[in-house]
Structures are given as C-alpha cells and as structure tokens.
Amino acid sequence: MHTQDGVNAQLTFHYLNGHSESFNIISEPQTEDTQQDFRLEMRHLLQKDWWILNLPEQTVMINVANVVKVEVKPPMTQLQGEGVFSNAERVTALNRGR
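See below:
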C-alpha cells in the first residue's frame, strides 16, 4: 500500500517491440541532504544493464538494452546538471510511422 510519507512515481518503460508497461514506485520522503544522494543514485542506475523492480507479488528484471524510453511521472526535478534539460516542453506527441 502507499504510505502517506512516501512519494509515488510512475515509471513507464517503452520497449523496442512497441510494447510498454508501467510501474508505481514508492520512495521515502527526501530532505535537502538526500537530494544529492538521489541524483548520484539515479546517474548510477542509468548506467546499469538491468533494472530490478521488487513488486509485492513478484520481482521484475528489465534489460535496459530493450528499452527505448522511460517516462517518469511526476517529473524528477531533483535531477540537474550535465545531460539534463530543465524547463523543457513537449511540442508534439511521439508519432509512429506506418
């Protein structure tokens, strides 16, 4: 179940084969001291070949080589620095050619 103190985020993985799946992630509330740790942890995670999600009913292992895009809602405004475009806006939705 969701905790009142935890932050709920939704990760949507879009795969090479056109399929996608979403997961809700609950994390502990972040203080100013832990935001730097969070940024480092995310950069480290993005370098991994496999992401592991422990769900209540199973563990899911995702091979990042099969993922073309990951969407995170709400936005992860804690991520800043090199390689991050803050204040970006989507102009058009992704279109798939036929």
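Mind the numbering: the sequence shown is residues 7 to 104 in our numbering, read in order. Heads up, the beta-carbon is just placed ideally off N, CA and C, and yes, glycines get one too.
- In this structure, the alpha-carbon of Leu100 lies about 11 Å from that of Lys75.
- The secondary-structure analysis by DSSP pairs Gln16 across a beta bridge with Asn30 and Lys79.
- Secondary structure note for Asn60: its beta strand (DSSP E) is the uninterrupted segment Trp56 to Asn60.
- By the Cβ criterion, the stretch 17 to 36 is in contact with the stretch 70 to 85, since at least three pairs of Cβ atoms, one from each stretch, lie closer than 8 Å.
- Looking at the backbone, the Cα of Gln84 and that of Arg45 are separated by about 7 Å.
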